[in-house]
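Contents: one structure, followed by commentary.
In mature numbering (1 follows the signal peptide of the UniProt record, and there is no 0), the protein residues as written are -17 to -1, 1 to 113.
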């Protein structure tokens, strides 16, 4: 008999065929009992975000105001949820004062302008860990 798990769960390989929450993957704890939840990819598919601990989660969980990675790295370096002074709600304020739509923060591009990397601050260090 083959067992399946819903998308937000992970099916342990081995004999247990147990379903565990996907956020338990790559958290350095053997939740399956056979180590299958700790066999982690070095990269994630393009439609997923890689937590610092190695787990891959859907991109829509990144910067959603709720930590989904065991190490909470999916909420690191996100645009503030409350508006910055001088910027409309939902926008990020660069160090130089320029306002950007939140989707331009941590997108791998320097959008604030010349000599201002505040919209990508810290992201390059995160990519080096991958």
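Cβ coordinates follow ideal geometry from the N, Cα and C atoms, glycine included.
Might you give, ordered along the chain, the residues of its own chain that have their beta carbon closer than 6 Å to the beta carbon of residue -11, omitting 5 neighbours on each side? Within its own chain, no residue has a Cβ closer than 6 Å to the Cβ of residue -11 once the five positions on either side in sequence are excluded.
Give me, in chain order, the residues of the same chain whose beta-carbon lies closer than 8 Å to that of residue 96; leave out the 5 immediate sequence neighbours on both sides. 77, 79, 81
Completely contained beta strand (DSSP E) runs for the stretch 23 to 109, where each covers 3 or more residues: 31 to 33, 39 to 41, 74 to 76, 82 to 84
Go ahead and label residue 16 buried or exposed: buried means 16 or more other beta carbons lie within 10 angstroms of its beta carbon, across all protein chains shown. exposed
In its own chain, which residues sit with a C-beta less than 7 Å from the C-beta of residue 131, not counting the 5 before and 5 after it? No statement about residue 131 is possible, as the shown extent of the chain runs from -17 to 113 and does not include it.
Opening and closing residue of the beta strand (DSSP E) in which residue 3 lies: In the DSSP assignment, residue 3 falls within the beta strand (DSSP E) that extends over 2 to 4.
Grab me the residues of residue 101's own chain with a C-beta within less than 6 Å of its C-beta, minus the 5 sequence neighbours each way, in chain order. 77, 78, 95
Quick one: is residue 123 buried, meaning 16 or more other Cβ sit within 10 Å of its Cβ, or exposed? Because the chain here runs from -17 to 113, residue 123 falls outside it and cannot be looked at.
Straight-line CA distance for residue 92 to residue -3? 46 Å
Opening and closing residue of the beta strand (DSSP E) in which residue -9 lies: -9 to -7
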